[in-house]
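In what follows, a structure is listed as structure tokens, so that the remarks can point back to it.
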């Protein structure tokens with residue numbers, strides 16, 4: 045099965061600012077899920093944009109929140125420590141993927157530009173992208189013409205949404221959801237953890 049979708053984010057209306065509606069939605073869902081409202085706004089905006097750009101993908105904010113939950117627990121960082129701009133106060137860079145026991149060997153792909161290491165790649169940002177994956181799917185969420193920032197929760201959430209929807213799967217179906225999640229991370233245990241977190245968040249969001 046696929047996790048529930050939860051309380052839907054507002055509809056994205058072209059040429060109209062939806063910020064007030066998004067903020068109200070994020071505040072409401074934050075009270076029920078205990079996810080910071082600023083982070084929920086990033087997840088909700090990504091859902092809104094993908095519903096317009098790829099409506100057949102059916103990506104929900106809850107799936108992004110599930111990924112965020114698993115990554116924060118694995119990486120031991122705090123999504124509450126975030127600036128109003130959406131940038132993490134303390135950038136998140138995972139350990140080197142240097143072939144140590146239990147760790148894959150991923151040689152440097154970005155000259156250390158994103159992770160500070162010219163020998164090995166590291167997962168970066170709140171959604172823990174590899175630099176090579178970030179380079180392929182990166183997107184600036186606020187449309188200001190600046191460079192996409194993997195340490196910005198808006199950019200990271202939108203990029204994760206683009207990545208999850210890139211295979212043409214319908215994430216509203218069990219098969220499509222699992223294909224997309226295992227494309228994001230091939231470990232079945234990871235997918236199970238994301239499923240549990242996403243479903244719990246979705247359920248909480250519509251609780252009385």
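Numbering (the numbering used here), first residue to last: 45 to 252. Note that beta-carbon positions come from the ideal geometry of N, C-alpha and C, so glycine has one too.
Asked, Found
"Beta-carbon proximity of residue 103 to residue 251, cut-off 8 angstroms", "no"
"Buried/exposed call for residue 77, threshold 16 Cβ in 10 Å", "buried"
"Nonlocal neighbours in the same chain, by C-beta distance under 6 angstroms from residue 124, ignoring five residues either side", "80"
"With 16 other Cβ atoms within 10 Å as the buried cut-off, status of residue 233", "exposed"
"From 224, 92, 87, residue whose alpha carbon lies closest to that of residue 113", "87"
"At least three beta-carbon pairs within less than 8 angstroms, the stretch 157-171 to the stretch 49-62", "no"
"Runs of alpha helix (DSSP H) wholly within the stretch 130-182 (minimum 4 residues, chain order)", "175-181"
"First and last residue of the uninterrupted alpha helix (DSSP H) at residue 225", "218-228"
"Per DSSP, cross-strand counterpart(s) of residue 196", "131"
"Contacting residues, own chain, Cβ-Cβ under 6 angstroms from residue 92 (five flanking each side not counted)", "53, 56"
"Separation of residue 210 from residue 58, as counted between CA atoms", "22 angstroms"
"Residue from 47, 111, 135 with nearest C-alpha to residue 228", "111"
"Among 128, 133, 129, nearest to residue 122 - alpha-carbon criterion", "133"
"CB contact flag (residue 198, residue 185, <8 angstroms)", "yes"
"Enclosing alpha helix (DSSP H) for residue 211 [first to last residue]", "No alpha helix (DSSP H) contains residue 211, which DSSP labels as neither H nor E."
"Test item: CB-CB of residue 136 and residue 174 under 8 angstroms", "no"
"Residue 341 - DSSP class collapsed to helix/strand/coil", "Outside the displayed span of the chain (45 to 252) sits residue 341, for which this structure offers no information."
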